[in-house]
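**Q**
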Amino acid sequence: MQPPWTPDGPDLVVHGDNLPVISTLPDESFRLIYIDPPFNTGRTQRRQALTTQRSTEGTRVGFGGNNYDTIKGVLYSYDDTFADYWEFLEPRLQEAWRLLDDRGTLYLHLDYREVHYAKVALDALFGRDSFLNEIIWAYDYGARATKKWPSKHDTILVYVKNPKNYYFNNEEVDREPYMAPGLVTAEKAARGKLPTDVWWHTIVSPTGKEKTGYATQKPEGILRRIVQASSQPGDWVLDFFAGSGTTGAVAQALKRRVVLVEQNAAAIEIITSRLSNETAFAKVSA
Ligand SMILES: C[S@@+](CC[C@H](N)C(=O)[O-])C[C@H]1O[C@@H](n2cnc3c(N)ncnc32)[C@H](O)[C@@H]1O
1 MQPPWTPDGP DLVVHGDNLP VISTLPDESF RLIYIDPPFN TGRTQRRQAL
51 TTQRSTEGTR VGFGGNNYDT IKGVLYSYDD TFADYWEFLE PRLQEAWRLL
101 DDRGTLYLHL DYREVHYAKV ALDALFGRDS FLNEIIWAYD YGARATKKWP
151 SKHDTILVYV KNPKNYYFNN EEVDREPYMA PGLVTAEKAA RGKLPTDVWW
201 HTIVSPTGKE KTGYATQKPE GILRRIVQAS SQPGDWVLDF FAGSGTTGAV
251 AQALKRRVVL VEQNAAAIEI ITSRLSNETA FAKVSA
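Heads up: the sequence shown is residues 1 to 286, going by full-length UniProt numbering.
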């Protein structure tokens, strides 16, 4: 399968399973990759003998010089669900790494159930030096648990391809209001403050104009910050778990170029309605 993508061609949406699609894209073609994979991948395939591996001797040296297989084996022995999830995600993350250019950044959007395992596995796979941030997206919506602290945040892990050369410009990012504007000058209060790694942001409003009806749609405000900080106009952005196409809509509005991959036909229809008419579409069969 060869998706019709070239760096001087149009933005592209591909309908199909992401792994074979991204495997054909050329090395180091993207400045920014954002992915928001579903936790429940529906896979039933069992993991390998790695489950029982608790040796301190690693079997493979990972990107960061770590004993990746050993670390993975230990994680798998703690959490079966994570093992299934990671076996699905790992080859896709390896492709993501290959596809990032030397100044590129990967944003991996997760929730509290998998993020701690994923952080350890990613550190081992890519190297701790490449870890840039753990962004907490905090929201306040929906029912509240009464037997524990209600879980009202997602986590976005941020890894860079080259810790000595990555692109990051928070001057371009939408600023946020000071919590106590009376404590700073009027000029500062009017300008707002730079966001930290904790982002308070509403979910997509069920009645707002941004809503597409896609259940896992993420807010454009979250994607705007990511795209603004980690890419420049003209750069290529990739999202291969595109869902409703939020990354594409934001990237195009900010004059970036974009490739989206998504396997769900209903999502592709929503993406089509959100992107410019100049976008190319391709369908690949599994
Ligand atoms: C959590 S949603 C992404 C939501 C998106 N960030 C948004 O704002 O709409 C994950 C998406 O990944 C898609 N997906 C899951 N497995 C896939 C695969 N192997 N190839 C392509 N897309 C896949 C699902 O259909 C789903 O739409």
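Beta carbons are placed, not taken as given, at the ideal position from N, Cα and C, and that holds for glycine.
Quick one: which unbroken alpha helix (DSSP H) runs of 4-plus residues sit fully inside the region 105–140? Chain order, please.
**A** 115–126
**Q** On a CA-only basis, which of L125, A215 and R113 is nearest F82? Give me that one, please.
**A** Ranked by Cα distance from F82, the options L125, A215 and R113 are led by R113.
**Q** Measure the alpha-carbon distance for P20 versus A280 and round it to whole angstroms.
**A** Those two C-alpha atoms are separated by around 18 Å.
**Q** Let me check one thing: in DSSP terms, what residues is H15 bridge-paired to?
**A** E262 and K283
**Q** Where T146 and Y167 are concerned, what is the direct C-alpha to C-alpha distance, given to the nearest angstrom?
**A** 43 Å
**Q** Is T24 near ligand 1, going by C-beta to nearest heavy atom under 7 Å?
**A** no
**Q** Within this structure, are the beta carbons of V160 and T196 separated by less than 8 Å?
**A** no
**Q** In angstroms with no decimal places, state the Cα-to-Cα distance between L183 and P37.
**A** 41 Å
**Q** Does the Cβ of S205 lie closer than 7 Å to at least one heavy atom of ligand 1?
**A** no
**Q** Taking 7 Å as the cut-off, is the beta-carbon of E262 closer than that to any non-hydrogen atom of ligand 1?
**A** yes
**Q** Is any non-hydrogen atom of ligand 1 found closer than 7 Å to the C-beta of R213, if you look at the structure I gave you?
**A** The sequence given here has Gly at residue 213, not Arg. Result no, Cβ not under 7 Å from ligand 1.
**Q** Quick one: any contact between the region 175–182 and the region 127–141, if contact means 3 or more CB pairs under 8 Å?
**A** no
**Q** F240: which of V14, P150, P206 and S231 sits nearest, CA to CA?
**A** V14
**Q** Exposed or buried, F126, counting other C-beta atoms within 10 Å across all chains shown (16 or more means buried)?
**A** buried
**Q** Any idea which residues DSSP pairs K193 with across the strands?
**A** K193 is bridged to E176.
**Q** If we ignore side chains and look at the alpha-carbon of each, how far apart do Y34 and Y141 end up?
**A** Y34 and Y141 have their alpha carbons spaced roughly 24 Å apart.
**Q** Measure the CB-CB distance between L275 and D8 and report whether it falls below 8 Å.
**A** Not closer than 8 Å, so no.
**Q** Return the first residue and the last residue of the alpha helix (DSSP H) that D154 is part of.
**A** Per DSSP, D154 belongs to no alpha helix (DSSP H); it is in the beta strand (DSSP E), H153 to V160.
**Q** Please determine whether the Cβ atom of F281 lies at a distance below 7 Å from any heavy atom of ligand 1.
**A** no
**Q** Is it true that the CB of L223 sits closer than 8 Å to the CB of T202?
**A** no
**Q** On the premise that T212 lies in contact with I270, defined as a C-beta separation below 8 Å, what is that separation, rounded to the nearest angstrom?
**A** 5 Å
**Q** I believe I136 touches H116 by the beta-carbon criterion, under 8 Å. Please report the beta-carbon distance rounded to the nearest angstrom.
**A** Actually they are not in contact, since the Cβ atoms of I136 and H116 sit about 13 Å apart, beyond 8 Å.
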